[in-house]
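**Q**
Protein chains: 4
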Amino acid sequence: MDLNDRALRRIIIGLGGQGALREEGFNIAVASEIMAILCLSENEEDLKRRLSRIVVAYSYSGKPIFAGDLKISSAMAVVLKDALSPNLCQTLEHTPVFIHGGPFANIAHGCNSVLATRYGLKLGDYLITEAGFGADLGAEKFFNIKCRISGLVPNAVVVVCSVRALKMHSGDFKVVAGKPLSEDLLRENTDAVERGACNLEKQIENMKQFGIPVVVAINKFTSDTKNEIEAIRKKAIAAGAEDAVLSEVWEKGGEGGRDLAKAVDKAANKPSNFKFLYDINASIKQKIETIATKIYGAKDVQYDPEAEKKIALYTKLGYDKLPLCMAKTHLSLSHDPNLKGAPKGFTLPVRDVRASVGAGFLYPLCGTMRTMPGLPSEPAGERIDLDQNGKIVGLF
Amino acid sequence: MDLNDRALRRIIIGLGGQGALREEGFNIAVASEIMAILCLSENEEDLKRRLSRIVVAYSYSGKPIFAGDLKISSAMAVVLKDALSPNLCQTLEHTPVFIHGGPFANIAHGCNSVLATRYGLKLGDYLITEAGFGADLGAEKFFNIKCRISGLVPNAVVVVCSVRALKMHSGDFKVVAGKPLSEDLLRENTDAVERGACNLEKQIENMKQFGIPVVVAINKFTSDTKNEIEAIRKKAIAAGAEDAVLSEVWEKGGEGGRDLAKAVDKAANKPSNFKFLYDINASIKQKIETIATKIYGAKDVQYDPEAEKKIALYTKLGYDKLPLCMAKTHLSLSHDPNLKGAPKGFTLPVRDVRASVGAGFLYPLCGTMRTMPGLPSEPAGERIDLDQNGKIVGLF
Amino acid sequence: MDLNDRALRRIIIGLGGQGALREEGFNIAVASEIMAILCLSENEEDLKRRLSRIVVAYSYSGKPIFAGDLKISSAMAVVLKDALSPNLCQTLEHTPVFIHGGPFANIAHGCNSVLATRYGLKLGDYLITEAGFGADLGAEKFFNIKCRISGLVPNAVVVVCSVRALKMHSGDFKVVAGKPLSEDLLRENTDAVERGACNLEKQIENMKQFGIPVVVAINKFTSDTKNEIEAIRKKAIAAGAEDAVLSEVWEKGGEGGRDLAKAVDKAANKPSNFKFLYDINASIKQKIETIATKIYGAKDVQYDPEAEKKIALYTKLGYDKLPLCMAKTHLSLSHDPNLKGAPKGFTLPVRDVRASVGAGFLYPLCGTMRTMPGLPSEPAGERIDLDQNGKIVGLF
Amino acid sequence: MDLNDRALRRIIIGLGGQGALREEGFNIAVASEIMAILCLSENEEDLKRRLSRIVVAYSYSGKPIFAGDLKISSAMAVVLKDALSPNLCQTLEHTPVFIHGGPFANIAHGCNSVLATRYGLKLGDYLITEAGFGADLGAEKFFNIKCRISGLVPNAVVVVCSVRALKMHSGDFKVVAGKPLSEDLLRENTDAVERGACNLEKQIENMKQFGIPVVVAINKFTSDTKNEIEAIRKKAIAAGAEDAVLSEVWEKGGEGGRDLAKAVDKAANKPSNFKFLYDINASIKQKIETIATKIYGAKDVQYDPEAEKKIALYTKLGYDKLPLCMAKTHLSLSHDPNLKGAPKGFTLPVRDVRASVGAGFLYPLCGTMRTMPGLPSEPAGERIDLDQNGKIVGLF
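Residue numbers (the working numbering), protein chains in the order written: chain A, 4 to 399; chain B, 4 to 399; chain C, 4 to 399; chain D, 4 to 399.
#1: What does I15(B) reach in chain D if we use C-beta pairs closer than 9 Å?
#2: Since S116(C) is in the alpha helix (DSSP H), which residue starts that stretch and which ends it?
#3: Indicate whether at least one CB of chain C lies closer than 8 Å to the CB of D262(D).
#4: Rounded to the nearest angstrom, what separates E311(D) and A242(A) at their Cα positions?
#5: Indicate the three-state DSSP secondary structure (helix, strand or coil) for N222(D) in the structure shown.
#6: Are the CB atoms of F145(C) and A134(C) within a distance shorter than 8 Å?
#7: From K313(D) to S380(D), what does the alpha carbon distance come to, in whole angstroms?
#8: Would the region 362-370 of chain A and the region 320-331 of chain A be scored as touching if the rule is three or more Cβ pairs under 8 Å?
#9: Excluding five sequence neighbours on each side, which residues of the same chain lie with their C-beta closer than 6 Å to the C-beta of I298(C)?
#10: Taking Cβ to Cβ, would you say N96(D) is nearer than 8 Å to G256(D)?
#11: Does any residue of chain A bring its CB to less than 8 Å from the CB of A80(B)?
#12: Looking at the structure shown, is E27(D) part of a helix, part of a strand, or coil, going by DSSP?
#13: Determine, using beta carbons only, whether A358(C) and Y322(C) come nearer to each other than 8 Å.
#14: Going by C-alpha to C-alpha distance, which of Q212(A), K177(A), I40(A), D49(A) sits closest to F279(A)?
#15: Check for me: the alpha helix (DSSP H) holding T293(B) runs from which residue to which?
#16: Exposed or buried, A111(C), counting other C-beta atoms within 10 Å across all chains shown (16 or more means buried)?
#17: Please give me, in chain order, every unbroken run of the beta strand (DSSP E) with length at least 3 that falls completely inside the region 177-265 of chain B.
#18: Would you call C164(D) buried or exposed, if buried means 16 or more other Cβ atoms sit within 10 Å of its Cβ?
#19: So which residues on chain A does L368(B) lean against when the C-beta distance must stay under 8 Å?
#20: Let me know the secondary structure DSSP gives C92(C) once reduced to three states.
#21: Taking C-alpha atoms, which residue in V252(D), V179(D), A200(D), M171(D) lies nearest to L188(D)?
#22: Find out if the Cβ-Cβ distance for the pair I31(D), M372(D) is shorter than 8 Å.
#23: If you reduce the DSSP assignment to three classes, tell me which class V160(A) lands in.
#24: Counting along the chain, where does the beta strand (DSSP E) carrying D49(A) start and finish?
#25: Bridge partners of Y366(D), per DSSP?
#26: According to the Cβ coordinates, are L130(B) and L87(B) closer than 8 Å?
#27: Relative to the ligand PLP, is the shortest distance from any of its heavy atoms to the C-beta of A358(D) smaller than 7 Å?
#28: Just to confirm the assignment, what range does the beta strand (DSSP E) spanning Y306(B) have?
#29: Between which two residues does the alpha helix (DSSP H) carrying V81(A) extend?
#30: Which one of G154(D), L73(D), L43(D) has the shortest CA to CA distance from H103(D)?
#31: Would you say E385(C) faces chain D, with C-beta separation under 8 Å as the test?
#32: DSSP beta-bridge partners for P67(A)?
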């Protein structure tokens with residue numbers, strides 16, 4: 004079910020002796036472990052196996068109860084049978100594209116399905132896929148989870164940035180979600196771009212830790228100036244990018260991406276040496292600390308008692324051999340949305356660690372993650388209607 | 004959503020300040036007012052109008068809050084747009100049949116959609132449609148609700164019975180839902196059939212109150228004897244049925260229904276004088292009491308304080324002009340499943356009265372109605388699976 | 004705790020993993036099994052034993068969990084230590100009286116404590132004690148529970164009635180709790196008194212089944228007329244009462260009870276043959292049916308599935324050897340407050356049966372029993388205050 | 004009510020339409036605003052006034068609803084009438100002592116009642132009173148809340164410390180509540196004492212900000228060594244204490260406190276210049292920041308959105324003119340129990356701000372405060388019993 008009513012976020016079910024009284028909650032479909040499983044499964048057999056390993060509860064003595072124990076995973080696989088096949092769409096310019104699967108990029112790994120990626124690789128010369136949120140989240144998870152589980156190896160990585168975002172990372176501007184941007188952000192300010200570029204530099208440095216060539220795509224906005232773009236280019240190349248190219252796809256369609264494509268082609272054909280950030284056999288804490296210090300720039304990590312308890316439990320159950328899927332804000336390289344640029348020396352707090360055993364990863368929580376959005380103050384549904392002729396109106 | 008988890012029957016939502024904390028419950032789709040609306044709507048415009056009139060709450064000052072006030076009914080109509088079109092299926096003998104809509108026969112009116120009935124009437128010479136549960140419920144609601152709202156007029160009514168069911172109505176046998184039937188029920192027992200036939204007699208008498216010819220169909224079971232069948236025939240005709248005919252459709256397919264079809268054809272071509280049981284402008288209590296005394300055989304009606312309160316409220320709001328949809332057990336002509344045969348002189352208790360204003364009826368509750376079933380001790384889903392070749396197995 | 008907030012009647016506790024999440028409720032102190040135990044205990048040892056046998060839950064396998072198993076009953080006895088001693092008060096005329104204990108007369112036995120009764124018997128020549136609600140409830144429980152458990156034997160019973168109450172039992176008058184009485188009730192109406200006296204006759208007949216002399220006390224109101232009082236007298240004596248005497252205690256104090264005292268003295272000194280209504284070793288259903296048919300005038304008893312389940316459980320656990328404490332309305336001899344006078348031929352419904360194993364009785368529920376009252380629309384507490392001199396005002 | 008069942012910490016009340024359904028919780032009596040009020044009231048009139056100003060809810064339009072609006076505060080005052088009078092007890096050496104009132108030292112001000120303090124001042128030459136938790140909490144609240152509201156002025160302050168506690172503040176030792184102390188803490192370690200003394204130095208510095216003489220009492224343990232005690236003495240005097248004296252009261256009774264008493268007498272007779280830490284008319288944030296930076300050593304303060312919202316609300320309602328009662332851990336000068344010694348440069352997080360308007364203060368929350376303790380794994384009640392002679396046993 005894909006519901007969107009925030010009153011269902013936290014509920015009590017089973018009143019009146021109708022089943023066990025317990026606190027529960029609805030999540031939207033993309034936040035469920037099932038979506039993550041769909042995107043990591045190689046075939047129906049693998050899908051069934053992963054579904055059967057979802058941990059739904061623990062017995063009083065601490066043993067995990069699996070979906071398979073409840074005998075529901077096969078029926079779930081039947082429901083997902085058709086959804087497992089990637090669906091081929093076309094872009095506005097009639098080029099083929101797979102749009103398949105959407106695991107949340109915070110509590111899950113945020114990538115397209117493994118199957119869609121495999122199909123794409125078979126069907127074309129180049130396969131470009133997206134990894135959600137910033138490279139500290141999306142790319143790190145793409146490499147350490149999706150590539151590790153599937154055996155897929157990337158040839159190059161494209162880090163996207165914009166003049167506006169780097170200005171914001173200078174720390175000079177206050178940006179509030181849902182509110183219009185300050186006019187100041189739209190004025191030329193090469194100094195702010197240069198100072199905020201420390202964020203881009205850290206992202207490039209991070210990508211290079213995985214051993215593959217990096218190309219920076221500067222997503223062009225109409226208010227960007229030549230000086231600002233040039234400032235980014237210089238910083239990016241100084242930081243080790245193969246190239247930094249303007250992307251004008253928004254304005255000009257495929258034509259606007261020609262330069263970028265050439266740069267990526269060149270980078271992808273360079274020899275590379277892809278490697279994972281951490282050894283899968285390292286302890287849970289070692290893995291967390293590796294990501295925290297090498298990718299985020301943290302000094303160290305602090306664990307809440309709940310996190311300590313879970314780490315001990317998962318280690319005892321053998322789940323410490325799973326890769327990690329960090330649940331962290333995308334608004335900062337750190338856990339704190341207010342720390343812009345490339346913060347250093349902070350302590351990363353880990354509140355809790357949860358397990359998606361079926362999907363095949365643990366997800367440490369570095370903050371509060373919302374898994375069911377609220378509705379906007381004027382929900383889109385209010386505009387949707389049937390007109391006189393029975394035609395649906397108000398969808399866009 | 005069509006869920007089937009009894010732990011969701013009674014829930015509390017909105018914990019932690021996520022919306023208003025309140026007691027709620029999930030019903031299955033067939034128990035929702037939306038299903039009743041779908042089955043009573045004439046077209047998209049009518050569907051929208053009825054959806055917009057669903058009462059979702061009352062203000063502190065007692066005014067109804069409609070789905071239309073929440074601006075959600077148009078979007079609901081869009082979701083139901085395709086569902087509103089009847090779907091044409093075929094029987095195993097390749098004759099056409101509409102299967103369209105399924106409102107619960109207890110808290111709703113239990114009939115096929117008005118649109119499917121209209122389409123059927125246009126497309127064939129005869130249209131046979133079913134009304135759920137016993138004639139005291141199904142037929143009464145078919146006439147007083149579906150025929151009244153749509154203006155459709157029936158030409159004949161078929162009352163179905165079986166030897167076994169009438170034996171049971173003798174009161175000599177204990178039948179428990181979910182347990183195998185007593186062997187005694189399968190032995191010839193003409194005396195029990197004759198005594199239990201008082202139930203059939205009352206159902207025939209009830210149908211004749213609506214002014215149309217009645218045919219009795221005796222649904223044949225392998226254990227039935229000639230004497231038992233003959234006993235029913237005699238009683239039925241004595242009670243005023245046009246005819247009482249054996250139906251062997253289960254055993255012989257369409258061929259087994261030939262005699263019944265002839266009898267129905269004959270009855271349907273007799274002049275008739277269809278009339279409603281009650282005047283729509285009568286008070287709520289008058290309508291309840293008319294159904295209770297004329298159809299069920301009750302002496303009088305007793306109202307719980309909750310029912311009294313609602314009757315006063317609905318009368319004040321003008322909802323007293325709606326037809327009634329009695330929510331009563333189908334296991335007895337009375338409200339008490341233990342009273343078999345044709346009980347008389349009892350007091351019908353009305354616990355509460357609820358309103359489906361959008362659908363267009365009030366439903367008095369004469370007992371506890373369950374609107375979300377539980378799962379069997381071994382849920383069917385446990386057998387469903389994908390086999391090695393990805394084929395779905397275990398559905399049947 | 005003795006709280007009085009109806010919002011606490013039905014609650015959910017243990018949210019957020021703070022203990023087991025469960026549905027609970029607060030009852031006022033007089034509705035607790037502890038109050039019933041206090042009133043039936045012979046001494047501290049007996050109090051401890053009874054407290055330890057309170058059933059607080061059942062294990063998954065159906066075994067009772069006792070307060071003693073939780074090791075809390077001894078501490079409870081310490082808290083009740085002083086409360087166990089009867090407190091001697093005095094009336095407005097300075098005669099001694101024990102006021103000690105108050106178990107609800109619906110879900111409990113509604114009598115003063117056994118200890119206060121024993122003390123009174125030691126300290127005076129006559130001991131008069133009250134049993135709550137009508138004689139069909141109060142006296143029946145006094146005899147079958149309190150006398151049986153304690154071994155105490157009464158010498159005479161006083162049935163109290165009033166002109167007004169018997170008029171009401173004629174069925175001619177509508178009386179609504181909380182609303183002023185109809186003026187009609189205050190006018191002389193000997194005919195209504197005589198017809199309503201069937202209730203008194205049944206109560207006298209009931210008392211005589213216990214084998215002890217009955218005296219009727221007519222509680223005088225200022226609006227009563229001589230004819231009405233005389234009508235009661237005649238009916239009472241014809242029904243087998245030793246005497247029927249006017250009680251003017253409300254108006255004249257002790258002096259107004261002199262005639263009644265003489266009549267009770269005479270009756271108490273007559274030979275008597277006290278016997279219980281039912282054998283303690285009879286089955287639960289036999290006991291319920293004995294009370295229902297012999298005391299209430301019912302034709303038979305109908306058990307809800309919940310009641311059947313409990314009867315089977317308690318019989319298996321050996322609790323069928325406990326006396327019964329019927330939970331029934333006091334507004335009718337039947338379970339239905341609307342049936343006035345001495346109804347006959349009705350079926351008594353038993354919804355559920357509960358167990359106060361510590362107190363030592365089972366209580367079948369013949370309707371909904373409220374165990375926490377609501378507050379009046381203007382709570383008494385609103386008038387209570389400290390005045391300028393720190394004196395408490397507004398208590399009366 | 005003073006209950007102690009953690010399952011009552013978070014509950015939902017009003018199910019089934021019994022009052023408004025809402026999330027609630029029980030607190031123990033010492034955690035209630037009523038206890039704080041009792042301890043700050045000057046007389047019955049003041050008690051009534053403060054009770055009537057308790058804010059129990061806010062209307063939909065944001066107006067506070069007071070206990071007085073519900074007309075319950077006068078009745079509450081009646082219940083508290085006797086509790087308001089301080090109760091005079093005696094020590095084991097038969098000296099008089101008032102033990103009166105106990106507001107929690109985290110969410111309330113943690114001091115004895117104003118009335119008991121006034122009575123003591125009238126009845127003796129010196130009045131010594133305690134303020135709960137460390138001086139950063141207890142003394143700060145004593146001065147800024149109790150002294151400010153009552154007008155009482157202290158002559159000297161005694162800061163209590165122990166060798167063991169200062170060793171712990173060196174940060175070399177891990178101390179876990181409920182677990183036995185490390186043996187290492189009991190060995191002489193003058194170096195650790197000297198390093199941990201930075202905590203004592205900060206506390207002395209803090210007290211001197213209030214303008215009154217400070218005496219340090221070293222609470223002697225049997226494992227303390229001369230060198231360790233001398234180290235403390237030196238550090239204390241260097242930090243500005245009038246004197247630092249060994250207290251042997253635990254071992255020797257009153258005799259063991261003679262030296263301390265002399266030192267306090269001397270200090271109390273020195274001229275002093277008591278002043279509050281902050282101006283009552285400063286904004287809420289100014290007050291929080293003054294305490295955070297001047298007393299705790301914080302660099303600055305960070306407010307959660309919930310705190311910001313409340314600060315705006317209270318300022319609008321005029322509650323910004325109330326003193327503050329910081330709710331902070333007592334295990335560190337900071338908000339983080341792990342930061343030992345005298346931490347500097349940290350950011351104090353303020354999660355929320357609450358108001359005890361009746362008591363007369365706001366309490367900012369710098370962490371999670373528990374207001375109902377759990378029971379120990381073997382509750383004390385299990386040992387309490389009545390013995391054969393009816394004597395209570397197991398209390399100690």
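Where a beta carbon is used, it is the ideal one built from N, C-alpha and C, also for glycine. Every value quoted in this text rests on a predicted model; they were computed, and no experiment measured them.
**A** By the coordinates alone:
#1: Within 9 Å of the CB of I15(B), the CB atoms of chain D belong to I15, L18, L24, in sequence order along the chain.
#2: It is not in any alpha helix (DSSP H) - S116(C) carries neither H nor E in the DSSP assignment.
#3: no
#4: 40 Å
#5: strand
#6: yes
#7: 38 Å
#8: Segments in contact, yes.
#9: D139, E143, N209
#10: According to the sequence as given, residue 96(D) is Glu; it is not Asn. Taking 8 Å as the Cβ cut-off, E96(D) and G256(D) qualify as a contacting pair.
#11: yes
#12: strand
#13: yes
#14: Checking every option, the nearest Cα to that of F279(A) belongs to Q212(A).
#15: 287-293
#16: buried
#17: 217-222, 246-250
#18: buried
#19: Result: empty, since nearest Cβ-Cβ is about 17 Å, beyond 8 Å.
#20: strand
#21: M171(D)
#22: Cβ atoms of I31(D) and M372(D): not closer than 8 Å.
#23: strand
#24: Counting along the chain, D49(A) falls outside any beta strand (DSSP E), though it belongs to the alpha helix (DSSP H) covering 47-55.
#25: For Y366(D), the beta-bridge partners assigned by DSSP are R357(D).
#26: no
#27: In the structure shown, the ligand PLP is absent, as is every other ligand, since no ligand is present at all.
#28: Per DSSP, Y306(B) is one residue of the beta strand (DSSP E) stretching across 303-306.
#29: 76-83
#30: L43(D)
#31: yes
#32: Y61(A)
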